[in-house]
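Novice: Structure provided below as structure tokens; questions to follow.
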Amino acid sequence: MQNLQRNMIISAVLLGMFAVSGTFFVAYTEQQTRPLIAEQIRIATLKHLNRLVPDDQHDNDLLTDVIRVTDPLLGSDDAMTVYRARKNNQPIAAMFTVVAPDGYSGKIRILLGIKYTGELSGVHIIAHKETPGLGDAIDGEKSDWNQQFIGKSLQQPHEKNWRVKKDGGEFDQLTGATISPRAVVKAVHKGLLFFKANRDKLFETKTNTP
Amino acid sequence: MNDIKNIFQQGLWTNNAALVQVLGLCPLLGVTNTIVNGLGLGIATTITLIASNVTVSFIRHWVRPEIRIPVFVLIIASIVTIIELLMQAFFYDLYRILGIFIPLIVTNCAIIARAEAFASKNTPALSLLDGLFMGLGFTAVLVTLGAMREVIGFGTLFQQAHLMFGEVAQGLTITLFDDYNGYLLAILPPGAFLGLGLLVAIKNVIDDRKASRQSIGELQLTEPTDTPAKA
Chain P
1 MQNLQRNMII
11 SAVLLGMFAV
21 SGTFFVAYTE
31 QQTRPLIAEQ
41 IRIATLKHLN
51 RLVPDDQHDN
61 DLLTDVIRVT
71 DPLLGSDDAM
81 TVYRARKNNQ
91 PIAAMFTVVA
101 PDGYSGKIRI
111 LLGIKYTGEL
121 SGVHIIAHKE
131 TPGLGDAIDG
141 EKSDWNQQFI
151 GKSLQQPHEK
161 NWRVKKDGGE
171 FDQLTGATIS
181 PRAVVKAVHK
191 GLLFFKANRD
201 KLFETKTNTP
Chain B
211 MNDIKNIFQQ
221 GLWTNNAALV
231 QVLGLCPLLG
241 VTNTIVNGLG
251 LGIATTITLI
261 ASNVTVSFIR
271 HWVRPEIRIP
281 VFVLIIASIV
291 TIIELLMQAF
301 FYDLYRILGI
311 FIPLIVTNCA
321 IIARAEAFAS
331 KNTPALSLLD
341 GLFMGLGFTA
351 VLVTLGAMRE
361 VIGFGTLFQQ
371 AHLMFGEVAQ
381 GLTITLFDDY
391 NGYLLAILPP
401 GAFLGLGLLV
411 AIKNVIDDRK
421 ASRQSIGELQ
431 LTEPTDTPAK
441 A
């Protein structure tokens with residue numbers, strides 16, 4: 001009996017030690033890589049922003065001229081960063097992320113570039129978990145599906161056509177995948193509504209991030 | 211020397227993780243709709259297999275049998291998380307493509323099977339080789355299945371290769387049939403099951419032919435004395 005108890009304690013302690021050392025290695029790696037990962041994400045963000053608004057169209061620093069906004073139309077409870085492009089202090093465009101909560105497998109994060117006039121300068125999928133080979137074609141790296149948004153606005157097409165073709169709208173779906181495109185179209189439309197309702201406030205507000 | 215040859219044969223053919231042990235079906239069936247996806251998961255799985263086999267082999271004398279499974283799970287989960295973090299820090303572009311596959315590796319029971327069946331009983335060096343060849347055997351099946359499904363499903367080979375190999379690979383995509391409308395079944399999960407079934411069948415046919423040729427050569431049918439151990 002005593003022997004059994006002793007064995008159980010040894011096993012438990014051993015298991016605990018493995019758990020502690022495993023956690024230690026993961027935590028150590030996380031701590032070491034955190035600044036590197038943050039830098040990688042910053043570079044990737046800047047690359048995305050520059051494709052929405054090329055460098056020659058603005059003269060401010062996109063990564064610092066930002067405000068944080070919380071709005072249900074953005075699809076998230078978290079504050080979202082709004083990047084603002086200006087030239088000679090005139091507003092050119094705003095870029096911000098909207099979240100489509102209803103992707104095929106989880107949330108889809110979409111970076112929108114909207115010109116001051118209300119036209120989309122581009123739509124980039126920045127994070128998603130859609131099925132490889134099917135729904136993931138919403139990603140601009142994998143297909144040019146997202147190109148069809150360029151130049152679209154709340155006026156063009158009309159409100160009721162902000163849907164995929166299968167639902168009677170004018171946006172293409174993907175072969176074998178309707179749910180992911182449907183989610184993206186809906187989220188982009190909401191993003192445009194948000195921009196319309198808040199446009200001037202977005203550009204006037206002073207930078208409010210630390 | 212014989213050991214090494216045996217590990218090589220077991221990993222690539224006689225005890226292939228995907229075709230014989232039929233392990234790791236979740237990632238195997240989930241992502242093999244193109245060659246590039248299959249290759250990506252194959253490489254990530256091979257690295258994880260090597261790392262977990264070597265770690266398990268090093269600690270094999272300290273782990274008591276009754277707690278070995280939770281310990282293996284802990285080790286594998288830690289390794290996969292660390293690999294994911296390192297990829298994010300140093301190969302961000304590659305991470306963006308393979309990122310979704312990495313957590314799937316944890317669900318690959320082939321890795322824990324190798325820890326249990328091989329690494330916990332052998333030296334680190336042999337375990338490393340076992341991880342390498344098991345991983346390569348798994349990768350070979352992923353790539354073959356990916357090629358089959360890509361050709362039938364999309365009519366292409368190596369599409370999106372630039373995501374993994376950089377811009378030089380932009381022209382690598384081979385379009386086999388112009389005007390091909392695609393065959394959705396091959397891309398969807400049923401296509402994966404059909405394809406894998408076909409590969410297993412082909413392997414069995416080859417093995418049978420080989421076996422019957424041998425027995426004719428010996429002019430005498432002998433019952434096999436031992437069946438290959440299933441892990």
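Top line first, the protein sequences correspond to chains P and B.
Residue numbering for the first sequence follows the working numbering, beginning at 1 and increasing consecutively.
Residue numbering for the second sequence follows the working numbering, beginning at 211 and increasing consecutively.
Note that CB positions come from ideal geometry on N, CA and C, so glycine has one too.
These figures come from a predicted structure and were not determined experimentally.
For a test of the three-state rule: what should DSSP assign to Thr244/B, helix, strand or coil?
Specialist: Here residue 244/B is taken as the residue at index 34 of the second sequence, counted from 1. In this structure, Thr244/B counts as coil in the three-state DSSP scheme.
Novice: With a cut-off of 8 Å on the beta carbons, I'd call Leu251/B and Phe311/B a contact; round off their distance for me.
Specialist: For the purposes of this step, residue 251/B is taken as residue 41 along the second sequence, with counting starting at 1. For the purposes of this step, residue 311/B is taken as residue 101 along the second sequence, with counting starting at 1. Right, the Cβ-Cβ distance comes to about 5 Å (below 8 Å), so this counts as a contact.
Novice: Comparing C-alpha positions only, which one of Val316/B, Thr317/B, Val273/B, Leu409/B sits nearest to Ile10/P?
Specialist: Counting from 1 along the first sequence, the entry for residue 10/P is found at position 10. Of the listed residues, the one whose Cα sits closest to Ile10/P is Val273/B.
Novice: With a cut-off of 8 Å on the beta carbons, I'd call Gly363/B and Gly407/B a contact; round off their distance for me.
Specialist: As a working mapping, residue 363/B is identified with position 153 in the second sequence. As a working mapping, residue 407/B is identified with position 197 in the second sequence. Going by Cβ atoms, the distance from Gly363/B to Gly407/B rounds to 16 Å, so no, they are not a contact pair.
Novice: Can the beta-carbon of Gly140/P be found less than 8 Å from the beta-carbon of His124/P?
Specialist: The count along the first sequence starts at 1 and reaches residue 140/P at position 140. The count along the first sequence starts at 1 and reaches residue 124/P at position 124. Contact: yes.
Novice: Please state whether the Cβ-Cβ distance between Lys47/P and Gln370/B is less than 8 Å.
Specialist: Translated into positions along the first sequence, residue 47/P becomes position 47. Translated into positions along the second sequence, residue 370/B becomes position 160. It is not a contact, given that the beta carbons lie outside the stated cut-off.
Novice: Quick one: list the residues of chain P neighbouring Thr291/B, beta-carbon separation under 7 Å, in chain order.
Specialist: Position 81 of the second sequence, counted from the start, is the residue given in the question as residue 291/B. Within chain P, the residues near Thr291/B are Val26.
Novice: Kindly identify the DSSP beta-bridge partner or partners of Tyr83/P.
Specialist: As a working mapping, residue 83/P is identified with position 83 in the first sequence. Note: Tyr83/P sits in a beta bridge opposite Val66/P, Met95/P.
Novice: Where Ser76/P and Val82/P are concerned, what is the direct C-alpha to C-alpha distance, given to the nearest angstrom?
Specialist: On the first sequence, position 76 is the one that residue 76/P refers to. On the first sequence, position 82 is the one that residue 82/P refers to. Rounded to whole angstroms, Ser76/P to Val82/P spans 14 Å at the Cα level.
Novice: When you compare only the Cα positions, how much space is there between Gly405/B and Val361/B?
Specialist: Taking the first residue of the second sequence as position 1, residue 405/B is located at position 195. Taking the first residue of the second sequence as position 1, residue 361/B is located at position 151. The alpha-carbon atoms of Gly405/B and Val361/B are separated by roughly 12 Å.
Novice: When you compare the segment 331 to 350 of chain B with the segment 259 to 275 of chain B, are there three or more beta-carbon pairs, one atom per stretch, that lie closer than 8 Å?
Specialist: Because the criterion of three Cβ pairs below 8 Å is met, the segment 331 to 350 of chain B and the segment 259 to 275 of chain B touch.
Novice: With 8 Å as the limit, tell me which residues of the segment 171 to 183 of chain P have their beta carbon closer than that to any beta carbon of chain D; keep them in chain order.
Specialist: Of the protein chains in the structure, P and B, none is chain D.
Novice: Distance cutoff 8 Å, beta carbons only. Does Ile9/P sit that close to anything in chain B?
Specialist: As a working mapping, residue 9/P is identified with position 9 in the first sequence. It does not; no Cβ of chain B falls within 8 Å.
Novice: In this structure, does DSSP put Ser121/P in helix, strand or coil?
Specialist: The residue given as residue 121/P occupies position 121 in the first sequence. Residue state, collapsed to three classes: strand.
Novice: What residues in its chain sit with their C-beta under 8 Å from that of Leu314/B, if we drop five residues either side in the sequence?
Specialist: Position 104 of the second sequence, counting from 1, holds the residue named residue 314/B. If we look at Leu314/B and ignore the five residues flanking it on each side, its Cβ neighbours are Cys236, Pro237, Gly240, Val241, Leu251.
Novice: Is any beta-carbon of chain B found at less than 8 Å from that of Lys142/P?
Specialist: Taking the first sequence and counting its residues from 1, the one referred to as residue 142/P is at position 142. So, interface residue.
Novice: What separation, rounded to the nearest whole angstrom, lies between the Cα atoms of Phe96/P and Asn161/P?
Specialist: Start at 1 with the first residue of the first sequence, and residue 96/P comes out as number 96. Start at 1 with the first residue of the first sequence, and residue 161/P comes out as number 161. The straight-line gap from Cα to Cα measures roughly 23 Å.
Novice: Using the C-alpha atoms, what's the distance from Ala325/B back to Met17/P?
Specialist: Translated into the one-based positions of the first sequence, residue 17/P becomes position 17. Translated into the one-based positions of the second sequence, residue 325/B becomes position 115. Met17/P and Ala325/B: Cα-Cα distance of roughly 19 Å.
Novice: According to DSSP, simplified to helix, strand and coil, what is Lys186/P?
Specialist: The sequence position of residue 186/P within the first sequence is 186, counting from 1. In the structure shown, Lys186/P sits in a helix (DSSP, three-state: H, G or I).
Novice: Taking DSSP as the reference, what is the three-state secondary structure of Gln5/P?
Specialist: In the first sequence, the residue the question calls residue 5/P occupies position 5. Residue state, collapsed to three classes: helix.
Novice: State yes or no: is the C-beta of Leu304/B within less than 8 Å of the C-beta of Met374/B?
Specialist: Counting from 1 along the second sequence, the entry for residue 304/B is found at position 94. Counting from 1 along the second sequence, the entry for residue 374/B is found at position 164. For Leu304/B and Met374/B, yes; Cβs fall inside 8 Å.
Novice: Quick one: what's Ile362/B bridged to in DSSP?
Specialist: Residue 362/B sits at position 152 when you count from the first residue of the second sequence. Answer by DSSP bridge pairing: none, since Ile362/B is not bridged.
Novice: Just curious, the alpha helix (DSSP H) that Arg324/B is in, first and last residue?
Specialist: Stepping through the second sequence from its first residue, residue 324/B is reached at position 114. 319 to 327 is the span of the alpha helix (DSSP H), which, as asked, contains Arg324/B.
Novice: Quick one: what's got a C-beta closer than 8 Å to Leu202/P's C-beta in the same chain, skipping five residues either side?
Specialist: For the purposes of this step, residue 202/P is identified with residue 202 of the first sequence, where counting begins at 1. Once the five neighbours on either side are set aside, the close Cβ partners of Leu202/P are Ile67, Val69, Val82, Arg84, Ala94, Phe195.
Novice: Quick one: Cα of Ala441/B to Cα of Arg278/B, how far?
Specialist: Numbered from 1 along the second sequence, position 231 holds the residue referred to as residue 441/B. Numbered from 1 along the second sequence, position 68 holds the residue referred to as residue 278/B. Confidence in Ala441/B is poor, its pLDDT being 44 and thus under 50, which makes the residue's placement unreliable; the coordinate value appears in the next sentence. Between Ala441/B and Arg278/B, the C-alpha separation is close to 16 Å.
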